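Asks: Have a look at this one before I ask anything.
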Amino acid sequence: MLRIIYMYELKKLFRAKVNLIALAGAVIMLVFLVIFSISEVQPVSREAAKELDGRAIDGELIEELKPAMRVENGSTVIEIRAESEKYVPIMDVITSVTGYDMDLTQLDGTEFYALREQELNQRIEKQRLSETEKEFWRSQEAQVSKPFVYHYHSGPANLLKAFQVLGFFIFLLSTVGLSGVYARETADNMNQLLLCSRYGKKELYLIKFAAGLTWILAAAFLLLLAVSTPYFFVYGMEGMGEMLQLVKPWSMLPYTLGQMLGVYAEIYLLAALLFAAVTMLLSVITQNQPAVTCGLLGYLIVDLFANLPDRFGIIQRIWLLRPNAVLMNTGFTNYRLIHLAGRLFLNFQAASVIYAVIFMAAFLIGRRKYRRLQVGN
Amino acid sequence: MELIADRITKQYKNKIAVDRMSFTLTKGVTGLLGANGAGKTTLMRLLCGILAPDSGSVSCDGMSVGTEEYRDILGYLPQDFGFYPEFSGKDFLLYMSAVKGLTKKDAIRKTQELIELVGLRDSAGKKVRTYSGGMRQRLGIAQALLNDPQILIMDEPTAGLDPQERIRFRNLISGLGQNIIVLLSTHIVSDLEHIADRLMIMKDGQLLWQGNRSAGGEDLEAFYISKIGEKR
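Protein chains in written order, with my numbering: chain A, 122 to 498; chain B, 14 to 245.
Quick look at the structure:
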């Protein structure tokens, strides 16, 4: 019988017009965004970008691309001609470290890596890391192989960027789809019937919660599929095994792009479950769908626009653990570690643990609240 | 089987909706009469366990209203309630059967039986949002009967029913009242004239009078008005 209730709860979610419109809208928008990002006018062709596959970004390669460089008003520009087209992706990696505002014609391989190291040290000092944290990052950086080896990586690089949009959309879908899971029963006066039915208290809370999670996971997978399918169709698995630093030069993690995508996919799914649990908790507590929706959309605005500077210390660390911050790649430039149970965690590792704890807390508080729910009080 | 309310009280801010009411309900149809705002709906919610009293208790053969066993033998029709617009009438009854703990087989059988009983056979497959007020009310009556309740509490059940449906409903309740406890609230006295075994009259949250229907004489309406007019 519980399975039948579950099926009907799913029906409520998956047949609600507003949910279907929101889901379809999100999928369509994401597919368009991905198609635009793929078809965006690229300065180089794929064939040219692959020509230097496997070459180390060292002094020799930097010397090769210098004839294509020109310095104008202290900035370096690269002239894209047929013979220099293949150097553009290399130039992208180099300028992601050096920027354009210096004379790169004087750069050599040693100086390139020295510049990166210098900048990393400055960032570490600015963030006032403890000795333990510094030691941790030194050991990580030691595992990053240098010189960097260039491989074509457009697919995973674009997919990595796409996660921040995914985080935003799954939050919206959680808000739209789940804010009424419990609250709507009160608005429709259905709680009067449900709460005096045999399974209307303990079991119904669990089943509604499970149905809510099913909805958000289905939505999360669908969005992920909408984003990743076009990329995989165009780029295949190419670039998945390449070093993360080709895209995120300020990361000191010895990860491949594929590994990082795996981490992001996990964070994204955990974030979806977290959003769902919190939305449903608010739905139980307030019993008011518009209030939950407005509250969560208000939070989203703060989430998107509030940036706490380094001097905020612990508050900034906590703020950077929110799902959208993790998915917005803040972990690559923030080296502060999280101390939990006597161990050091990267921000996405700590985030996973914290999301699981909040998820459980939301579930238990919601259950307690639902059991005490009354009608017309 | 006895449903016992012992000095139950419920207060909303400055208004006492139910004021120290004590009574015992046994098998048969009990009519609850009172003007709008007398506290009938609050009393019924207290009896269904969906609203906790500020003081006092409700129990049935030792079962508290908060227990699953009590909910298992309870049928409730609220005064007004919504439906799931995306469900058909049949879906709605199957869903409610599941929430009431019926097995799949019983749910299908009972749903079919009640659809026939309340005269919704032709529209059972249609979305509830297309139903008229009377059809919705009949669907509500059907859901209250799904689990063969031992205690049936109905708040203004005849609202929205046409005269023919009203007669059919009265017959149905008369039949049910032979074996179970039925509490039926209304402010339309004629609804109770032919089916109530006992009467309870409420005013301003208080139980003004309770007794056998026969005590009300031939003209129940006049009896009710005389009671309402009396000072306690």
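All C-beta atoms, glycine included, are put in the ideal place defined by N, C-alpha and C. Treat the numbers as computed from the prediction; the structure is a model and nothing was measured.
So, helix, strand or coil for F94(B), using DSSP?
Replies: Numbered from 1 along the second sequence, position 81 holds the residue referred to as residue 94(B). F94(B) falls in the coil class under three-state DSSP.
Asks: At a CB-CB cut-off below 8 Å, which residues of chain A make contact with D93(B)?
Replies: As a working mapping, residue 93(B) is identified with position 80 in the second sequence. Neighbours of D93(B) on chain A, chain order: N310.
Asks: Taking all protein chains shown into account, decide if I201(B) is buried (16 or more other Cβ within 10 angstroms of its Cβ) or exposed.
Replies: Your numbering for residue 201(B) matches position 188 in the second sequence. By the 10 Å Cβ count, I201(B) comes out exposed.
Asks: One question on the structure: do A393(A) and A472(A) come within less than 8 Å of each other, judged by their Cβ atoms?
Replies: Counting from one through the first sequence, the residue named residue 393(A) turns up at place 272. Counting from one through the first sequence, the residue named residue 472(A) turns up at place 351. Not a contact, by the Cβ cut-off of 8 Å.
Asks: Using Cβ-Cβ distances below 9 Å, what residues of the region 108-128 of chain B are close to chain A?
Replies: Flagged, chain order: Y108, M109, S110, A111, V112, K113, G114, L115, T116, K117, A120.
Asks: Would you check if there are 3 or more beta carbon pairs closer than 8 Å linking the region 140-148 of chain A to the region 327-344 of chain A?
Replies: Touching, yes, given that three or more Cβ pairs across the two stretches are closer than 8 Å.
Asks: By the criterion of Cβ-Cβ separation under 9 Å, what are the contact partners of E99(B) in chain A?
Replies: Reading the second sequence from its first residue, position 86 is the one you call residue 99(B). Simply K132, K133, R136, A137, K138.
Asks: Do you know how far the Cα of K323(A) is from the Cα of L196(B)?
Replies: Position 183 of the second sequence holds residue 196(B). Position 202 of the first sequence holds residue 323(A). Their backbone Cα atoms lie some 27 Å apart in a straight line.
Asks: What does A137(B) reach in chain A if we use C-beta pairs closer than 8 Å?
Replies: For this step, residue 137(B) is matched to residue 124 along the second sequence. Per Cβ cutoff of 8 Å: no residues; A137(B) is ~16 Å from chain A at best.
Asks: How far does the alpha helix (DSSP H) with W371(A) in it extend, from its first residue to its last?
Replies: Start at 1 with the first residue of the first sequence, and residue 371(A) comes out as number 250. Where W371(A) is concerned, there is no enclosing alpha helix (DSSP H), given that its DSSP letter is neither H nor E.
Asks: What residues in the region 63-81 of chain B bring their beta carbon closer than 8 Å to a beta carbon of chain A?
Replies: The region 63-81 of chain B vs chain A, Cβ under 8 Å: I63, L64, A65, E81.
Asks: Chain A beta carbons: is any one of them nearer than 8 Å to that of Q177(B)?
Replies: Locating residue 177(B) in the second sequence gives position 164, counting from the first residue. For Q177(B), the answer is no, since every Cβ of chain A falls outside 8 Å of its Cβ.
Asks: Can you list, in chain order, the residues of its chain with a C-beta nearer than 7 Å to that of G416(A)? Leave out the 5 residues immediately preceding and following it.
Replies: Residue 416(A) sits at position 295 when you count from the first residue of the first sequence. Result list for G416(A): L403, in chain order.
Asks: Mind checking whether L281(A) and V368(A) have CB atoms under 8 Å apart?
Replies: Residue numbering aside, residue 281(A) sits at position 160 when the first sequence is read from its first letter. Residue numbering aside, residue 368(A) sits at position 247 when the first sequence is read from its first letter. In contact: L281(A) and V368(A) (Cβ atoms closer than 8 Å).
Asks: Terminal residues of the continuous beta strand (DSSP E) containing Q24(B)?
Replies: Residue mapping note: residue 24(B) aligns to position 11 of the second sequence, counting from 1. Q24(B) -> beta strand (DSSP E) spans 16-25.
Asks: For chain B, is any of its Cβ atoms less than 8 Å away from the one on L280(A)?
Replies: To locate residue 280(A), count along the first sequence from 1; it is residue 159. It does not; no Cβ of chain B falls within 8 Å.
Asks: Starting from V198(A), follow its DSSP beta bridges and name the residues at the other end.
Replies: The residue labelled residue 198(A) in the question sits at position 77 within the first sequence. In DSSP, V198(A) forms a bridge with R191(A).
Asks: Which ranges does the beta strand (DSSP E) cover as unbroken runs of at least 3 residues, wholly within the region 192-270 of chain A, from first to last along the chain?
Replies: The region 192-270 of chain A contains these whole beta strand (DSSP E) runs: 196-199.
Asks: To which residues of the same chain is Y127(A) closer than 7 Å at the C-beta, ignoring the five residues directly before and after it?
Replies: Your numbering for residue 127(A) matches position 6 in the first sequence. I328, A331, A332.
Asks: Measuring alpha carbon to alpha carbon, tell me which of T43(B), G50(B), L45(B), D67(B) ends up nearest D19(B).
Replies: Walking along the second sequence from the start, residue 19(B) turns up at place 6. D19(B) has its Cα closest to that of D67(B), out of T43(B), G50(B), L45(B), D67(B).
Asks: In angstroms, rounded to a whole number, what distance separates the CA positions of F233(A) and F269(A)?
Replies: Along the first sequence, read from residue 1 onward, the residue named residue 233(A) stands at position 112. Along the first sequence, read from residue 1 onward, the residue named residue 269(A) stands at position 148. Roughly 11 Å between the two C-alpha positions.
Asks: Using three-state DSSP, classify I214(B) as helix, strand or coil.
Replies: Counting from one through the second sequence, the residue named residue 214(B) turns up at place 201. Note: I214(B) maps to strand in three-state DSSP.
Asks: Quick check on this structure: which residue in A48(B), I21(B), M76(B), K40(B) has the alpha carbon closest to the alpha carbon of R58(B)?
Replies: For the purposes of this step, residue 58(B) is identified with residue 45 of the second sequence, where counting begins at 1. Of the candidates A48(B), I21(B), M76(B), K40(B), the one whose C-alpha sits nearest the C-alpha of R58(B) is I21(B).
Asks: Find the residues of chain A that neighbour Y89(B), judging by a C-beta separation of less than 9 Å, and give them in chain order.
Replies: Against the second sequence, residue 89(B) aligns to sequence position 76. What Y89(B) touches in chain A: Q313, L314, C317, S318.
Asks: For F453(A), does the count of other Cβ atoms within 10 angstroms reach 16, so buried, or fall short, so exposed?
Replies: Position 332 of the first sequence, counted from the first residue, corresponds to residue 453(A). F453(A) comes out buried.
Asks: Taking just the CA atoms, how far does G114(B) sit from W258(A)?
Replies: On the first sequence, position 137 is the one that residue 258(A) refers to. On the second sequence, position 101 is the one that residue 114(B) refers to. Roughly 58 Å between the two C-alpha positions.
Asks: Determine which residues of the region 456-474 of chain A have a Cβ less than 7 Å from any Cβ of chain B, and write them out in chain order.
Replies: Under the 7 Å Cβ criterion, the region 456-474 of chain A contributes no residue.
Asks: Taking the straight line between their C-alpha atoms, what separation do you get for V214(A) and T335(A)?
Replies: The residue labelled residue 214(A) in the question sits at position 93 within the first sequence. The residue labelled residue 335(A) in the question sits at position 214 within the first sequence. Straight-line Cα distance between these residues: approximately 41 Å.
Asks: With DSSP as the reference, please indicate the residues paired to H274(A) in a beta bridge.
Replies: On the first sequence, position 153 is the one that residue 274(A) refers to. DSSP lists no partner for H274(A).
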